[in-house]
Amino acid sequence: MKQYSKFITALISVISFLLIHTACKPCHGMMAMPCEHSTGIAGIVLVVILLSDILSFIVKHERFRQLTSVTNTLLGVLLLFTPAFGQCQVASMACRLRTFPTLTVSGLLIAGISLAALISVLVKRQTGRKTHAHA
Amino acid sequence: MLTPNQFAWQSILKNRFCSLMFLCLVGIASACLFGVGFFNENLSSGIGQVKGRIGADLIAVPSSYDKAAKDALFAGDACTILFPENPEAQISQLDGISQVSSQLYLKTLAFSCCSTAGLQLIAFDPKTDFTVSKWTDEKIENLAADEMVVGACCGMKQGTSMNFYGQTFKVADVLDETGMGYDQSIFISYDAANQITASPEYAVYFGEKQNLSSMILINTDSGSDIETLSKSLGRSLNGVSLYATDSLVSELKSQADYFRISGFVMDAFVILLAVIALFALITITFYQRKKRVGSLLSVGISRGKIVQIFFLEYLYLTLLGTGAGIGIVSVFVIPLHQIIKQTVNMPYRLTNFGGLALLILAVCGVNLLILLISCSLTFTKILRTEPAHLTEEMA
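Residue numbers (the working numbering), protein chains in the order written: chain S, 1 to 135; chain V, 1001 to 1395.
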């Protein structure tokens, strides 16, 4: 579950990163727009998620993997709040129509999957402890 | 001693692969049932509002802008529509007409960094209007030239300001959601629109004219036949297309019915596949656990208790799968509903909480029914077969 979850969250972060720079890119005007700034932040968050997933494949330490699950959950939640860093005023603008909904979907998926992985590890550990105590 | 509940959870965790497959099957079935149902509910919710929201019996638009007018009305695609000559006065003089009100559709332009482009501005006359004022509890008869009323999906709050055609407008009110193009539109008074169209700055677009019109909303006398009136109006007005709201609504309803029937066929196939796949999975699992069931019966555990253990195991998996399926569809459909709305090009409005709760209950009900049908053979075997046969001690 843990490794599958890392692979899936890595895949979601790559797809989302590509989407917010291609089909779902934010508005672009003559001046720098607030949504471009928040999309930049979201891009950095997605790269951090990807790097933490890659590191958890390399570093085979249980504690480190749990830590990456926690950070990925928090970063997924952070993706939901990227519009707070700046967005266009009108709801029909590209950023509010495509970019932020895409980030909301990926944030929910990343946070949900990482949380499920974390819970599964904790439940497994709890069951292991009980079995051990019973033995 | 283990309770049936603990026994069921242990079986789920012990047979992880089977549990995962069961979960996936139920999850996919739930996602399909919920997704199709949710989409149809949203379409019905949007179409149900059309007649009341348009509020007119007939709509007159310039013939050359037929498609643009429909797209603006139902999908919210911004456009500028202009009658060569405003036919409002001519229409209002005809017999059988009780109310007439003009609207002017303008697409905003980007002239500078302070102008917001690509939005639909709709100018209406608050004095003759009988549609826009119905969508709000606030009185908008005295809408000032620097004020605007915005649609529910514009994302603006009361008091915010915005610049169009070099003029700053302040949000006076936010309208209720309609599911139509009006949700993405911004309403201004004809006085404000006249200032824009008469301005020499935009002479190239509007020829410094006033009282331009894009759409005439017509209400007929109570006894008039709308079809006959529409035909006689069509004969007397050149270059004007007339649409009866009732026929527009029935056209939309027939399109929605097409989606509903397609969805029903898809749901039927999904349910059939789910029943076959779950029946096979549960039956195979039972045959794998035959000896275990026989042993449990031999040590005096009642048949009812064993059925309960099996049922609880599959019930938990069904509920988890249903939750996962509905959750995954919601994660995609709710944040992306504006894109879906634009894609379907029809009135589309997120259904209310009651409708959503009913749909979730319906999906749970269908899944439980699928589970009961799939478990039927297994339960019959448990209830009828002798323990010795189950433990394979007898041929």
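From the three backbone atoms N, C-alpha and C, an ideal C-beta is built for every residue, glycine too.
- In the three-state scheme derived from DSSP, where H, G and I count as helix and E and B as strand, V47(S) is classed as helix.
- Cβ neighbours of Q1210(V) within its own chain (closer than 7 Å, five residues either side excluded): N1194, T1197, A1198.
- Exclusion of the five residues before and after G1035(V) leaves V1329, V1333 as the residues of its chain whose Cβ lies within less than 8 Å of its Cβ.
- Residue environment for P1084(V): exposed (fewer than 16 other C-beta atoms within 10 angstroms of its C-beta).
- Counting only the Cα atoms, D1057(V) lies some 37 Å from L1033(V).
- Within the segment 1254-1276 of chain V, no residue has its Cβ closer than 9 Å to any Cβ of chain S.
- With a threshold of 9 Å between beta carbons, L1119(V) makes contact with chain S.
- The shortest C-alpha to C-alpha distance from S106(S) to any of S69(S), L75(S), S56(S), T71(S) is the one to L75(S).
- Look at L122(S): its C-beta is not under 9 Å from any C-beta on chain V.
- If one requires a minimum length of 3 residues, the beta strand (DSSP E) runs lying completely within the segment 1237-1263 of chain V are 1240-1244, in chain order.
- Among the bridge pairs identified by DSSP, A1268(V) is matched with none.
- Here the C-alpha atom of V121(S) lies approximately 14 Å from the C-alpha atom of T73(S).
- Residues of chain S whose Cβ lies closer than 8 Å to the Cβ of T1160(V) are, in chain order, Q89.
- The beta carbon of K1107(V) sits closer than 6 Å to the beta carbons of A1078, C1079, T1080 from its chain, once the five residues preceding and following it are set aside; these are given in chain order.
- Taking a contact to require three or more Cβ pairs closer than 8 Å, the segment 82-93 of chain S and the segment 1147-1165 of chain V qualify as touching.
- If you check each beta-carbon in the segment 1286-1311 of chain V against every beta-carbon of chain S, none falls closer than 7 Å.
- Distances from the alpha-carbon of A10(S) to those of T39(S), H28(S), M33(S), L50(S) put L50(S) closest.
- Per DSSP, I1218(V) is one residue of the beta strand (DSSP E) stretching across 1215-1220.
- At least one beta carbon of chain S lies nearer than 9 Å to the beta carbon of G1076(V).
- Counted as a single uninterrupted DSSP element, the stretch harbouring P1200(V) is not any alpha helix (DSSP H), since DSSP gives it neither H nor E.
- Listed along chain S are T104, V105, L108, L109, G112, each with a C-beta nearer than 9 Å to that of V1331(V).
- Closest in alpha carbon position to Q1288(V), among I1091(V), D1183(V), E1141(V), S1011(V), is S1011(V).
- Contact annotation: S1241(V) and S1102(V) have beta-carbon atoms that are not nearer than 9 Å.
- For R65(S), the nearest beta carbon of chain V is not closer than 9 Å to its own beta carbon.
- Shown here, D1173(V) sits in a strand according to DSSP, grouped into three states.
- Under the three-state reduction of DSSP output, Y1105(V) falls in the strand class.
- In the three-state reduction of the DSSP assignment, I1059(V) falls in the strand class, which pools E and B.
- Burial state of T1285(V) is buried, judged by a 10 Å Cβ sphere holding 16 or more other Cβ atoms.
- Closer than 7 Å at the C-beta level to chain S, one finds these residues of the segment 1330-1359 of chain V: V1331, F1332, P1335, L1336, Q1338, I1339.
- When DSSP assignments are scanned along the segment 1271-1309 of chain V, the uninterrupted stretches of alpha helix (DSSP H) that are 4 or more residues long and fall wholly within it turn out to be 1290-1298.
- Judged by DSSP secondary structure, N72(S) falls within the alpha helix (DSSP H) whose first and last residues are 62-80.
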